[in-house]
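Notes follow the structure.
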Amino acid sequence: MNLSLVPVVMAGGSGSRLWPLSRQLNPKQFLPLANGELSMLQATIRRLEGLNVALPYLICNDQHRFLAAEQLRQLGMEQAKILLEPAGRNTAPAIALAALQAIDEANDPILLVQAADHLIRDVASFHSGIRSALPLVAEGKLVTFGIVPNHPETGYGYIEKGEPVSDSGYMVIRFVEKPTLLTAQEYFVSGRHYWNSGMFMFRASRYLEELERFRPDILDACRKAIAGATQDMHFTRVEPTEFLACPEDSIDYAVMEKTTDAVMVPLDAGWSDIGSWSALWDASQKNEQGNVFKGDVFDEQTRQTYVHADSRLVATVGLENLVIVETKDAVLVAHKDHVQDVKKIVDRLKKETRSEHLNHREVYRPWGIYESIDNGKRYQVKRITVQPGAKLSVQMHHHRAEHWIVVSGTAKVTNGDQIYLVTENQSTYIPTGQIHALENPGKIPLELIEVQSGTYLGEDDIIRFEDKYGRA
Numbered sequence: 001m002n003l004s005l006v007p008v009v010m011a012g013g014s015g016s017r018l019w020p021l022s023r024q025l026n027p028k029q030f031l032p033l034a035n036g037e038l039s040m041l042q043a044t045i046r047r048l049e050g051l052n053v054a055l056p057y058l059i060c061n062d063q064h065r066f067l068a069a070e071q072l073r074q075l076g077m078e079q080a081k082i083l084l085e086p087a088g089r090n091t092a093p094a095i096a097l098a099a100l101q102a103i104d105e106a107n108d109p110i111l112l113v114q115a116a117d118h119l120i121r122d123v124a125s126f127h128s129g130i131r132s133a134l135p136l137v138a139e140g141k142l143v144t145f146g147i148v149p150n151h152p153e154t155g156y157g158y159i160e161k162g163e164p165v166s167d168s169g170y171m172v173i174r175f176v177e178k179p180t181l182l183t184a185q186e187y188f189v190s191g192r193h194y195w196n197s198g199m200f201m202f203r204a205s206r207y208l209e210e211l212e213r214f215r216p217d218i219l220d221a222c223r224k225a226i227a228g229a230t231q232d233m234h235f236t237r238v239e240p241t242e243f244l245a246c247p248e249d250s251i252d253y254a255v256m257e258k259t260t261d262a263v264m265v266p267l268d269a270g271w272s273d274i275g276s277w278s279a280l281w282d283a284s285q286k287n288e289q290g291n292v293f294k295g296d297v298f299d300e301q302t303r304q305t306y307v308h309a310d311s312r313l314v315a316t317v318g319l320e321n322l323v324i325v326e327t328k329d330a331v332l333v334a335h336k337d338h339v340q341d342v343k344k345i346v347d348r349l350k351k352e353t354r355s356e357h358l359n360h361r362e363v364y365r366p367w368g369i370y371e372s373i374d375n376g377k378r379y380q381v382k383r384i385t386v387q388p389g390a391k392l393s394v395q396m397h398h399h400r401a402e403h404w405i406v407v408s409g410t411a412k413v414t415n416g417d418q419i420y421l422v423t424e425n426q427s428t429y430i431p432t433g434q435i436h437a438l439e440n441p442g443k444i445p446l447e448l449i450e451v452q453s454g455t456y457l458g459e460d461d462i463i464r465f466e467d468k469y470g471r472a
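Structure representation (C-alpha cells):
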C-alpha cells in the first residue's frame with residue numbers, strides 16, 4: 001500500500017489583522033513573527049523534518065510567488081512545487097488543485113494539509129498526532145485535527161467529537177462556527193469540543209471523490225484549471241479563466257461537514273493561528289511584567305503589553321494591555337481587547353486609496369530589495385540591493401529619468417546601445433525614454449542609490465522588454 005506523505009501548504013491570505021507588519025504584498029505567512037529568524041511559512045515546512053515526507057506543494061497567490069520561491073530556496077527546497085492562484089477561491093479549490101497535481105505526479109499520495117501561518121510549539125506531539133492519523137487515512141477516512149482547548153475561545157471554530165474510531169480518533173458530530181463567550185465556556189467544560197485547526201490528512205483520491213459527490217462544480221473548474229496549467233520557472237500557473245470561474249468555498253463547508261467519513265484526531269501541541277496581535281502576545285514568551293518586547297524598547301511601569309519596534313526606539317510609560325507596533329511608515333496603538341478591529345483600519349486605507357496596506361517601504365523583488373528613502377513632488381530616492389548574478393528587466397520609463405550611484409559592488413549597466421561597468425563611488429544617468437538594464441555580475445551584493453526625477457514616479461511606469469523572471 002502506498003503511504004507516501006505529501007505536505008500541502010496553503011500560503012494565501014493577507015493577514016490584515018496583523019497590520020502594520022503584515023501587508024497585502026508581504027503578508028504574515030512570510031514574516032518571522034514567532035519563530036526567531038524563520039518566517040511562518042519556513043517554520044511550517046521545517047517542523048515536518050523527521051516525518052519522512054516528500055517535498056511540499058505550496059499554494060499561493062501569483063503576487064507572492066517570488067517571496068515564496070526565495071523562502072523555499074533559503075530552506076534548500078528549490079525543487080518544491082509552487083502552484084499559483086490568480087486569485088483566492090478559499091480552501092476547497094486550493095486543496096483540489098494540489099490533489100489533482102499530486103495524483104498526476106506522485107501516484108495518489110496522502111496529503112497533509114496545513115496553513116502556512118500557524119504556530120505549533122510542541123513539534124514532537126505534532127509528529128505523534130500525524131503518525132496516529134495514518135492508519136485512519138489508510139482506511140479511507142478524511143482526518144481533521146482538533147486542538148485540545150486550554151481556555152474558552154471565541155475566535156476559533158470548534159469540532160464536536162462523537163464515538164471513538166480506533167485508538168486515536170473520533171467520529172465528527174459537527175463543525176461549529178465561532179461561538180459567543182457563554183457558549184465557548186460551555187464547550188470548554190463539556191470536554192467534547194475541540195478548536196478547529198484547519199489541518200487535514202487524507203488520500204488525494206478520497207478528497208476528490210468526496211468533492212465530486214458534494215461540490216462537482218468546484219472539482220470541474222479545478223480540473224479545467226489544472227488541464228490548462230503552464231510551467232513558468234519554478235511555478236505552475238493554473239489556467240486563470242477557468243480558475244476564476246470556480247466557486248469559492250472552504251473545505252469545511254464543501255466536504256468535511258457533509259462526508260460520513262470525517263474523523264477527528266486530538267492534537268495538544270501548543271497550536272495557535274496567530275490571527276491577531278493579542279494571539280501573538282499570548283503565544284510569546286513574556287517578561288516578569290507580562291510584556292513582550294521586540295526591537296529597541298524602553299519601558300517604565302508597563303504591564304501586559306506587546307511592543308514591536310521595527311526601525312527606531314519606542315519608549316512606554318504607565319501602559320497596560322496595549323499593542324504598539326512601529327514600522328518605517330506606520331504606527332499602530334491598540335488595546336488588546338480591540339485588536340480584532342485592526343482590519344477596519346486596513347479597510348479604510350484601501351477605501352481612501354492609501355498605500356500603507358499594500359507594502360512596506362522595503363519591497364522584495366526576485367532580484368533583491370529596494371527601499372524608498374525619500375520622495376517629493378517630482379523626485380524619489382531609493383536604496384537598491386541586487387543579489388549576485390541577478391538582473392533587473394530590460395525596461396524603459398516614459399515619465400522619469402534615473403541617476404544611479406554605486407555604494408558597494410559592481411553594476412553592469414545597459415544604457416541604450418552602451419554596456420559598461422559602474423563601480424563603487426561612481427554613477428551613471430539613464431534619460432527618460434531610454435531602454436536600460438541593471439545587473440550584478442559580481443560575487444557580493446550590489447548596493448546603489450537611485451534618484452528618480454520626472455513628472456510621474458509610479459511603479460506602473462515601466463515597459464519590460466526582456467525579463468529572466470517571466471515578467472515581460
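Numbers 1 to 472, taken from UniProt numbering, label the letters of the sequence shown in order. For each residue, glycine too, the CB sits at the ideal point set by N, CA and C. These numbers come from a predicted model, not from an experiment.
| request: Could you pull the start and end residues of the beta strand (DSSP E) that residue 292 belongs to? | output: Element bounds for residue 292: 292-294.
| C-alpha distance - residue 187 paired with residue 304, whole-angstrom precision | Their backbone Cα atoms lie some 27 Å apart in a straight line.
| request: Compare the beta carbon distance of residue 211 and residue 96 with 7 Å and say whether it is the shorter of the two. | output: Yes. Within cutoff.
| request: Check the DSSP bridge columns for residue 453 and list the partner residues they point to. | output: Answer by DSSP bridge pairing, in chain order: 379 and 401.
| Coarse secondary structure for residue 240, derived from DSSP in three states | Residue state for residue 240 is assigned as helix, using DSSP reduced to three classes.
| request: Below 8 Å on the Cβ atoms is my guess for residue 411 versus residue 422; work out the distance and round it to an integer in Å. | output: About 4 Å separates the two Cβ atoms, so the contact holds.
| query | CB-CB under 8 Å to residue 140, same chain, minus the five flanking residues each way: which ones, in chain order? | reply | Closer than 8 Å at the Cβ level, and outside the excluded window around residue 140, lie 203, 206 and 261.
| query | Can you tell me whether residue 366 is buried or exposed, with buried defined as 16 or more other CB within 10 angstroms of its CB? | reply | Classification for residue 366: buried.
| Reduced DSSP category for residue 74 - H, G, I as helix; E, B as strand; rest coil | The answer is helix: DSSP assigns residue 74 an H, G or I state.
| said: By alpha-carbon positions, which one of 401, 248 and 298 ends up nearest to residue 85? | reply: Nearest C-alpha to residue 85: 248.
| field | Counterpart residues of residue 368 in DSSP-defined beta bridges | value | Residue 368 pairs with 365 and 386.
| field | Residues near residue 397 by beta carbon distance below 7 Å, same chain, minus five either side | value | The answer, listed in chain order, is 432, 461 and 462.
| said: Helix, strand or coil for residue 426? Go by DSSP, reduced to three states. | reply: Here residue 426 sits in coil by DSSP.
| task | On the DSSP bridge assignment, give the partners of residue 187 in chain order. | result | Its beta-bridge partners do not exist; DSSP assigns none.
| Do you know offhand how far residue 176's Cα is from residue 194's? | Pairing residue 176 with residue 194, the inter-Cα distance amounts to about 10 Å.
| task | Could you spell out where the alpha helix (DSSP H) holding residue 348 opens and where it closes? | result | Going by DSSP, residue 348 is part of the alpha helix (DSSP H) stretching over 342-351.
| query | Would you report the Cα separation of residue 452 and residue 19, rounded to the nearest angstrom? | reply | Taking the straight line joining both Cα atoms gives about 29 Å.
| Residues near residue 1 in its chain [Cβ-Cβ closer than 7 Å; skip 5 each side] | Residue confidence for residue 1 is low, a pLDDT of 38 falling below 50, so the modelled location carries little weight and cannot support an answer.
| Identity of the residue in 394, 253 and 57 nearest residue 471 by Cα | Closest option to residue 471, Cα to Cα, is 394.
| query | Any idea which residues DSSP pairs residue 175 with across the strands? | reply | According to DSSP, which records beta bridges pairwise, residue 175 is partnered with 159.
| request: Report buried or exposed for residue 346, applying the criterion of at least 16 other Cβ atoms within 10 angstroms of its Cβ. | output: It counts as buried.
| query | From what residue to what residue does the beta strand (DSSP E) around residue 198 run? | reply | Residue 198 -> beta strand (DSSP E) spans 193-203.
| said: By the DSSP assignment, the alpha helix (DSSP H) with residue 280 in it spans what residues? | reply: Unbroken alpha helix (DSSP H) run through residue 280: 277-283.
| message | Taking the beta carbon of residue 170 as the centre, do at least 16 other beta carbons fall within 10 Å, making it buried, or is it exposed? | response | So residue 170 ends up on the buried side.
| Going along the chain, which residues of its own chain have a beta-carbon closer than 6 Å to the beta-carbon of residue 146, five neighbours each way excluded? | Correct list, in chain order: 159, 194, 264 and 266.
| DSSP state of residue 261, grouped into three classes? | DSSP places residue 261 in coil when its eight states are reduced to three.
| If we count Cβ pairs, one from each stretch, closer than 8 Å, do we get three or more for the segment 18-36 versus the segment 325-334? | As far as the Cβ criterion goes, the segment 18-36 touches the segment 325-334, which means the pair count is three or higher.
| What separation, rounded to the nearest whole angstrom, lies between the Cα atoms of residue 42 and residue 53? | Approximately 15 Å between the Cα atoms of the pair.
| So, using beta-carbon positions, are residue 184 and residue 154 closer together than 7 Å? | For residue 184 and residue 154, yes; Cβs fall inside 7 Å.
| message | I'd like the list of long-range same chain contacts for residue 235, defined as Cβ closer than 6 Å, with 5 residues on each side in sequence excluded. | response | Exclusion of the five residues before and after residue 235 leaves 65, 82 and 84 as the residues of its chain whose Cβ lies within less than 6 Å of its Cβ.
| said: Check this for me: beta carbons of residue 27 and residue 15, under 7 Å apart or not? | reply: In contact: residue 27 and residue 15 (Cβ atoms closer than 7 Å).
| Assigned secondary structure, residue 148 (DSSP; H/G/I helix, E/B strand, else coil) | The answer is coil: DSSP assigns residue 148 none of H, G, I, E or B.
| Apart from the five residues just before and just after residue 384, which ones in its own chain have a Cβ nearer than 6 Å to its Cβ? | So the list reads 370, 448 and 450, once near-sequence residues are dropped.
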